[in-house]
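Asks: Before I ask anything, let me first share the structure, which is written out below as structure tokens.
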Amino acid sequence: MFIKQFKYHNDNLAYLVYGETAAVAIDGGAVKEICNFLSKKGLTLQYIFNTHNHGDHTSGNRGLLDATRASFVSVKDLVSPHNQWMIEQTPIIIYETPGHTRDSICFHINEWLITGDTVFNGTVGNCFTGDETTFINSLKKIMTLDDQTMIYAGHDYVRPAMKFAANHEIDVSQVQLFLEAYHPDHVYSTLKQEKSHNPFLRLNHPEIQQMLIDHGLPVKTETERFQSLKKIEIWD
Ligand SMILES: [Fe+2]
67 MFIKQFKYHN DNLAYLVYGE TAAVAIDGGA VKEICNFLSK KGLTLQYIFN
117 THNHGDHTSG NRGLLDATRA SFVSVKDLVS PHNQWMIEQT PIIIYETPGH
167 TRDSICFHIN EWLITGDTVF NGTVGNCFTG DETTFINSLK KIMTLDDQTM
217 IYAGHDYVRP AMKFAANHEI DVSQVQLFLE AYHPDHVYST LKQEKSHNPF
267 LRLNHPEIQQ MLIDHGLPVK TETERFQSLK KIEIWD
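Numbered per the numbering used here, the sequence shown finishes at 302, counting up by one with no gaps.
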């Protein structure tokens, strides 16, 4: 089983997971590149999936449907307990991770976790549901996975996220290491790295709490710390 990442719309990331003959597209916005890749490798696109229902993630669905014989499966059908998903002999495990949106999901295939806008490499998505507590619980669910799980996010926000982490974390050596290894053509991190440099996975660490107190922001609960971190996040 293999995974191939495609960049589109500047920072969106699309994925093809494929075996000997079959492939699955997740947030397949890079339609032309994906179709070229499928024909070059002699692959049949089986399914078209999305991590959630935002336009920048679903924009490739129509084009892929027109160009292939794949089936589109909605998030609702993906999470139905009556359904199980496989690519060739490999199971596709789906976690419901509400927070960014109510319908946000992550796909776990082998050691890969395709996270959409739930976890990015170095930060997390905006909480459009307004329910940070639920978002934090989704992050905690992800944090129980193996440390070597590879995080494949829905956007490449590595540079602004690392700038934010470097400005606000006590130990910047992990951030430095991550930036040195960063390559825009293949963007990923391990869960272990996220636990050490992603401030939103470190809400209970004393240095994060102290940094927020220094900014005069509320820190009493995890939810307050999440909200406070989002207030000072920079995107330049
Ligand atoms: Fe989104």
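Just so it is clear, CB atoms sit at the ideal spot from N, CA and C, and this is done for glycine as well.
Taking 8 angstroms as the threshold, find out whether the stretch 228 to 245 comes into contact with the stretch 190 to 199 through three or more Cβ pairs.
Replies: no
Asks: With a Cβ-Cβ cutoff of 8 angstroms, do A247 and L79 count as a contact?
Replies: no
Asks: Ligand 1 heavy atoms versus the CB of G58: any closer than 7 angstroms?
Replies: Nothing can be reported for residue 58, as the shown portion of the chain is limited to 67 through 302.
Asks: How many angstroms separate the CA atom of E63 from the CA atom of P164?
Replies: Residue 63 lies beyond the range of the chain shown here (67 to 302); nothing can be said about it.
Asks: What is the chain-ordered set of residues for which the beta carbon lies under 7 angstroms from any non-hydrogen atom of ligand 1?
Replies: H118, H120, D122, H123, H166, T167, G182, D183, G191 and G220
Asks: Using only the alpha-carbon positions, how far apart do C101 and F201 sit?
Replies: Roughly 34 angstroms between the two C-alpha positions.
Asks: Cβ atoms of D93 and H123: under 8 angstroms apart, would you say?
Replies: The Cβ atoms of H123 and D93 sit closer than 8 angstroms to each other.
Asks: Helix, strand or coil for E162? Go by DSSP, reduced to three states.
Replies: strand
Asks: Counting Cβ pairs, one atom from each stretch, are 3 or more of them under 8 angstroms apart for the stretch 132 to 139 and the stretch 96 to 113?
Replies: yes
Asks: Please list, in chain order, all residues of the same chain as P157 whose beta carbon is under 8 angstroms from its beta carbon, the five residues on each side excluded.
Replies: Q150, W151 and I175
Asks: Considering Cα atoms alone, identify which of H271, L257, K73 and A88 is closest to L179.
Replies: L257
Asks: Following the continuous beta strand (DSSP E) through K70, name the residue where it begins and the one where it ends.
Replies: F68 to Y74 is the extent of the beta strand (DSSP E) around K70.
Asks: Determine which residues share a DSSP beta bridge with V90 and list them.
Replies: V83 and Y113
Asks: Just list the residues that DSSP pairs P157 with in beta bridges.
Replies: M152
Asks: Exposed or buried, G95, counting other C-beta atoms within 10 Å across all chains shown (16 or more means buried)?
Replies: buried
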